[in-house]
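One structure is given below, encoded as structure tokens.
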Amino acid sequence: MKKERVKKESALRTGIMLFLVFFKIGCFTFGGGWAILAQMEQEFVDKRSLITKEELVEMVAVGKSVPGIMITNISMLFGYHVGGVIGGICTVLGITCPAIIILSIVTMFYNSFKNNYWVMAALTGIRAAVIPIIGSAALSLGQEVLRTRMAFVILGAAFALYLLGVSNIVLVLTAAGIALVYHAAGKRIKDDAETIIKGENN
Amino acid sequence: MIYLQLFFSFMKIGFTSFGGMSMVPLILEEMQSHGWMTARDLANLVAIAEMTPGPLGVNCATFTGTQTAGTLGGLVAVLGVLTPAFTLTLVIAIFFEKFKDSAVMRTVMKFVKPVCIAMLLGVLVTLGKDTYFSDGGLLIFSILISAVMMVLLRKYKWSVPKVIGLSALMGILFYGVLPLAQTIH
Chain V
4 MKKERVKKES ALRTGIMLFL VFFKIGCFTF GGGWAILAQM EQEFVDKRSL
54 ITKEELVEMV AVGKSVPGIM ITNISMLFGY HVGGVIGGIC TVLGITCPAI
104 IILSIVTMFY NSFKNNYWVM AALTGIRAAV IPIIGSAALS LGQEVLRTRM
154 AFVILGAAFA LYLLGVSNIV LVLTAAGIAL VYHAAGKRIK DDAETIIKGE
204 NN
Chain A
408 MIYLQLFFSF MKIGFTSFGG MSMVPLILEE MQSHGWMTAR DLANLVAIAE
458 MTPGPLGVNC ATFTGTQTAG TLGGLVAVLG VLTPAFTLTL VIAIFFEKFK
508 DSAVMRTVMK FVKPVCIAML LGVLVTLGKD TYFSDGGLLI FSILISAVMM
558 VLLRKYKWSV PKVIGLSALM GILFYGVLPL AQTIH
């Protein structure tokens, strides 16, 4: 009984530590996920030695392939690794709280200033920059992904369906569904081939 | 019930997006289908989210939720977009060793990533219409700004906040100072 209470308290303490450290990281990291990762490496691999670099790399690989926001996924994996379920939740809340506070304030100002003559002029210029920013992200993703003929076919089919009015969510879910079927079929064929080979050997 | 709608909208966005900018097309679609936000607001939001610290998805959820239903709306939207982390990722964290080299997820990513590119192209078409055509006229200065920023981003590897800063200055010059100067003449 007593032991359990001690365990709970230390879990809570770890949770608070994780919350505070990630809150700090969340406050000062501009430029999204990758900048945050660099900070995590400094803080937890170099300074506190809580995980090894390889473990962090593994978490990044998994966090990237799970739906949602990459950095919050990685935060959850990391927080759980260090402090269990409470640790995971505290870490995710720590990394998101600064963004929530800052954006709430910015939104307030946005509403009172967006109709000002000079702000409108600046925003018109900024919107023209948003297109190359998104375009550049698409290009980088393309360089990473478009390496096989199949990737081009999927891209073409998805864009055609998009133009025909199919919603984005349906497109993503369909692609994931086809992938699951493809994976299952591929495994089945491999298994069948293995049993045939085994049978011949017998 | 606006809060529930916000929560479920952002939960949907969370579960169907895979990292960074690929969230933007999904957000635009949800916002337009509910009439919560215009393409113009979304473009402004992307710029704001890129200039403030924190992950893009959380920034977008806070902005949209707060715009639509105040501070509580912002919190609810963030909780929605975090649902994958609190559910799916938590389960994966518990079974991390088994999931580490999952071939299934690799195959899923192989199919979903090209779709993300298609969605980004789609959102570029939508935003392009709003950014370059206004009241039936073509905004030549906006095209000029886009071209300059593309070169700065790709060729000279400028950081995004720097690009946004310069484009704001160019916007003030072309759409603020220039029209005033013309009326004075």
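For the record, the sequence lines run as chains V and A.
In terms of the numbering used here, the first sequence has 96 at position 93, counting the first letter as 1, and numbering is strictly consecutive.
In terms of the numbering used here, the second sequence has 548 at position 141, counting the first letter as 1, and numbering is strictly consecutive.
From the three backbone atoms N, C-alpha and C, an ideal C-beta is built for every residue, glycine too.
Self-check item: is_contact[Thr538 of chain A, chain V] using C-beta, thresh 9 Å
Solution: yes
Self-check item: C-alpha gap between Gly71 of chain V and Ser424 of chain A, whole angstroms
Solution: 6 Å
Quiz item: How about Ser115 of chain V: is its C-beta nearer than 9 Å to some C-beta of chain A?
Solution: no
Practice problem: Would you check if the region 121 to 128 of chain V and the region 569 to 586 of chain A touch, i.e. whether three or more CB-CB distances between them fall below 8 Å? | Solution: yes
Practice problem: Measure the beta-carbon distance from Asp542 of chain A to Arg447 of chain A and round it to whole angstroms, keeping in mind my assumption that it falls under 8 Å. | Solution: The Cβ separation is near 13 Å, so there is no contact.
Quiz item: Along the chain, where does the alpha helix (DSSP H) that runs through Trp121 of chain V open and close?
Solution: 120 to 148
Quiz prompt | Cβ distance (whole Å) where Ala102 of chain V is taken to contact Val465 of chain A below 8 Å | solution = 4 Å
Practice problem: Return helix, strand or coil for Ser541 of chain A, following the three-state DSSP convention. | Solution: strand
Quiz item: Given that a residue counts as buried once 16 or more other Cβ atoms are within 10 Å of its Cβ, and exposed if not, what is Val558 of chain A?
Solution: exposed
Quiz item: Which bits of chain A does Phe22 of chain V rub up against, with CB to CB less than 9 Å?
Solution: Within 9 Å Cβ-Cβ: nothing; Phe22 of chain V doesn't reach chain A, min ~15 Å.
Quiz item: Is Phe503 of chain A helix, strand or coil by DSSP?
Solution: helix
Quiz item: Rounded to whole angstroms, how far is the Cβ of Ala450 of chain A from the Cβ of Tyr165 of chain V, which I believe are closer than 8 Å?
Solution: Incorrect: roughly 19 Å between the Cβ atoms, too far for contact.
Quiz prompt | Interfacial residues, the region 467 to 489 of chain A to chain V, with Cβ spacing under 8 Å | solution = Thr469, Phe470, Thr473, Gln474, Thr478, Gly481, Leu482, Val485, Val488, Leu489
Quiz item: Count the other CB atoms within 10 Å of the CB of Met4 of chain V; is the residue buried (16 or more) or exposed (fewer)?
Solution: For Met4 of chain V, the predicted model reports a pLDDT of 45, less than 50, meaning its position is unreliable and no value from the coordinates is stated.
Practice problem: Find out if the Cβ-Cβ distance for the pair Phe26 of chain V, Ile98 of chain V is shorter than 9 Å. | Solution: yes
Quiz item: According to the neighbour-count rule (16 or more other Cβ atoms, all chains shown, within 10 Å of its Cβ), is Phe414 of chain A buried or exposed?
Solution: buried
Quiz prompt | Rounded Cβ spacing between Thr471 of chain A and Met79 of chain V (contact assumed at less than 8 Å) | solution = Actually they do not touch by this definition, with Cβ atoms about 23 Å apart.
Exercise. Would you please verify whether the beta carbon of Phe162 of chain V is less than 9 Å from any beta carbon of chain A?
Key: yes
Exercise. Report yes if the C-beta distance between Val488 of chain A and Met418 of chain A is below 9 Å; otherwise report no.
Key: yes
Exercise. Using alpha carbons as the reference points, say which of A:Ala454, A:Glu437, A:Ser429, A:Ile420 lies closest to Leu573 of chain A.
Key: A:Ala454
Practice problem: Select from the region 47 to 75 of chain V all residues with a C-beta closer than 9 Å to any C-beta belonging to chain A, and list them in chain order. | Solution: Glu61, Met62, Ala64, Val65, Gly66, Lys67, Ser68, Val69, Pro70, Gly71, Ile72, Met73, Ile74, Thr75
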